[in-house]
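Trainee:
Numbering (the UniProt record's numbering), first residue to last: 1 to 470.
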């Protein structure tokens, strides 16, 4: 039977096992950013540039994961980094990051419904896209409303399909590179010609910096591990295991996949028409390759929607407990699910979906700009919260040996994480096409801070010191 803990009369069900947390973290990172966005990255940054960008982004993900791991083991609550920020940085930052993160994921979930419907159009061209979008809304709501365990099992299998597809692609790709599987065009085995044939950085080193933010977006989602900590069985064991396994496997999956793609598909052609994964399967004549990858990408989209709906719901629920969101959202169902927070999140997701059609050049653009920046801002907040927690812990006489999991190389590790994340904003500022996202993103952050000082300051000054520490 699942363990429950009571906090202020509200029961949280610890129904997620170690395998769920591992696959949840893995699935949050492996998504459309790899299956669809990798081709554009290779095309703009060049083969070696793309590999370098993914290695740097993977290193940054590792820094974030270990910082979040220390905080989540010490303080395993569903509010995760929102609660950590409130306690260790300040209630104003906790308020800001909670609303920014919630809006970001709720907006993303809305987009996933349309994307999934568009993929179904390939197999059922006569059925309107909104029929499928409505079906997926019902399915994901049901998975999140039934019980935490149902969500965990669904995400476990969604992620498993993605991982199996990537592994299969890597095996087939290596055989193609060295000629064990011939190309349908009759061309010789590519070997390393496409990878290093032209130059290391055909579009210049500046192009690598330009795609860096896009690559980092692909890795964002790993922080969902912390959101799930409050519903995790034995977080002191499952979270450190997830940190170790996820970082290692994600780097292997991503980097090997990019190496294989770059070696087979010329960088000038990558990502111009379709997913580079589909391009590779088409080049070797594998039957039904496009349909196979269409199914895998559909699974990836549903996985992102499933995880995003879960994460944004838990963040909203956690804020409702401390008055940062309406108190009416805090009750849980008999199965331990915050149905009201889930319903409000889903309603906002549908509104964001509508703005992509009726206000694409105004409100929708603002939502996407804030969503794009939120992941990097969240990573900065996680690293800063860990830095301030460790400083306070040592100042109060705490012993490092008493920490069940601790980030190494303190304080260099969190400070490096913060510096790298801030450098991404510099890259955005230098790119004219991405610069407006800085204005809208930081503008919304300023609005959140202003809203806190106007409506929350006195209340949160009383509540913050009483937040749980373990």
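Every residue gets a Cβ at the ideal spot worked out from N, C-alpha and C, and that includes glycine.
In three-state DSSP terms, what is residue 214?
Mentor: When DSSP states are grouped into helix, strand and coil, residue 214 belongs to the helix group.
Trainee: Starting from residue 401, trace the alpha helix (DSSP H) both ways and give me its first and last residue.
Mentor: Element bounds for residue 401: n/a, residue is neither H nor E.
Trainee: DSSP three-state call for residue 58: helix, strand or coil?
Mentor: helix
Trainee: For residue 85, which residues from the same chain have a beta carbon less than 7 angstroms from its beta carbon, with the 5 sequence-adjacent residues on both sides left out?
Mentor: 93, 94, 97, 381 and 385
Trainee: Around the C-beta of residue 158, are 16 or more other C-beta atoms found within 10 angstroms, so that it is buried, or is it exposed?
Mentor: buried
Trainee: Find out if the Cβ-Cβ distance for the pair residue 293, residue 428 is shorter than 8 angstroms.
Mentor: no
Trainee: Output yes or no for whether 8 angstroms exceeds the beta carbon distance between residue 246 and residue 26.
Mentor: yes
Trainee: Relative to the C-alpha of residue 261, which residue among 19, 31, 301 and 39 is closest?
Mentor: Nearest neighbour of residue 261 by Cα position, chosen from 19, 31, 301 and 39, turns out to be 39.
Trainee: Give the DSSP-derived three-state secondary structure of residue 334 in the structure shown.
Mentor: Residue 334: coil per DSSP, three-state reduction.
Trainee: Note down the Cα distance separating residue 280 from residue 173, rounded to an integer number of angstroms.
Mentor: 8 angstroms
Trainee: Is the beta carbon of residue 267 closer than 8 angstroms to that of residue 51?
Mentor: Contact flag unset, no.
Trainee: Could you check the C-alpha separation between residue 431 and residue 44 for me, to the nearest Å?
Mentor: 13 angstroms
Trainee: So which of 31, 21, 19 and 24 has the shortest CA-CA distance to residue 257?
Mentor: 31
Trainee: Mapping the DSSP letters down to three states, classify residue 485 as helix, strand or coil.
Mentor: Nothing about residue 485 can be read from this structure; the chain reaches only from 1 to 470.
Trainee: Assuming residue 114 and residue 454 are in contact, meaning their beta carbons sit under 8 angstroms apart, how far apart are those beta carbons, in whole angstroms?
Mentor: That belief does not hold up - the Cβ atoms of residue 114 and residue 454 are roughly 35 angstroms apart, past 8 angstroms.
Trainee: Taking 8 angstroms as the threshold (C-beta atoms), are residue 107 and residue 304 in contact?
Mentor: no
Trainee: With DSSP run on the structure shown, which of helix, strand or coil describes residue 184?
Mentor: Coil.
Trainee: Going by other Cβ atoms of all chains shown within 10 Å of its Cβ, with 16 needed for buried, is residue 243 buried or exposed?
Mentor: buried
Trainee: In three-state DSSP terms, what is residue 203?
Mentor: coil
Trainee: Give me the Cβ distance between residue 64 and residue 379, rounded to the nearest whole Å; I'm assuming they're in contact under 8 angstroms.
Mentor: 5 angstroms
Trainee: According to DSSP, simplified to helix, strand and coil, what is residue 307?
Mentor: helix
Trainee: Could you pull out every residue in the same chain whose Cβ sits closer than 8 angstroms to the Cβ of residue 143, ignoring the five residues on either side in sequence?
Mentor: 150, 151, 154 and 306
Trainee: Which of the three DSSP states is assigned to residue 347 in this structure?
Mentor: helix
Trainee: So, does the stretch 179 to 191 touch the stretch 305 to 322, judging by three or more C-beta pairs under 8 angstroms?
Mentor: no
Trainee: Near residue 309, which residues of its chain fall below 6 angstroms by C-beta distance, leaving aside the five closest residues on each side in sequence?
Mentor: 109, 140 and 144
Trainee: Do the CB positions of residue 62 and residue 239 come within less than 8 angstroms of each other?
Mentor: no
Trainee: Tell me the DSSP secondary structure of residue 265 in three-state form.
Mentor: coil
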